[in-house]
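Read in the numbering used here, the sequence shown has 105 at position 1, and its numbers run on one by one without any break. Note that beta-carbon positions come from the ideal geometry of N, C-alpha and C, so glycine has one too. As the structure is a prediction and not an experimental result, all values here were calculated from the model. Contents: one structure, followed by commentary.
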Amino acid sequence: GGRARILRGVIDCLACRPDGGVVVVDFKTGARRPGDRRQLGAYVSAVRSMLPGARVDGLLVYAGAAS
Numbered sequence: 105g106g107r108a109r110i111l112r113g114v115i116d117c118l119a120c121r122p123d124g125g126v127v128v129v130d131f132k133t134g135a136r137r138p139g140d141r142r143q144l145g146a147y148v149s150a151v152r153s154m155l156p157g158a159r160v161d162g163l164l165v166y167a168g169a170a171s
């Protein structure tokens, strides 16, 4: 069945484009992990549901760990 699921998370950055579109940016440190794209997809889906009709894209940004 279609049971509702509640997910908690924090979107790192929402960038608004001049054309009204939005980019969900998720910053990551260290190595790429299999769940990174799944997490970004959940954020993009959430923003799409809050902004129907807007173009919503996702972007993963990886940075090396600080030394």
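Under 7 Å Cβ to Cβ from residue i, same chain only, skipping five residues before and after it: list those, please.
i, result
"proline 122", "none"
"leucine 111", "Ala146"
According to DSSP, simplified to helix, strand and coil, what is residue i?
i, result
"leucine 164", "strand"
"aspartate 130", "strand"
"leucine 111", "coil"
If I measure Cβ to Cβ from residue i and keep anything under 8 Å in the same chain, skipping five residues before and after, which residues do I get?
i, result
"leucine 155", "Val126"
"valine 165", "Val129, Asp130, Phe131, Lys132"
"glycine 124", "Ala158, Arg159"
To which residues of the same chain is residue i closer than 6 Å at the C-beta, ignoring the five residues directly before and after it?
i, result
"alanine 167", "Thr133"
Among the options, which one has its Cα closest to the Cα of residue i?
i, options, result
"aspartate 178", "Leu118, Arg107, Gly113, Val151", "Absent from the model: residue 178. The displayed extent of the chain is 105 to 171, so no value can be given."
"glutamine 143", "Gly106, Arg107, Ile115", "Ile115"
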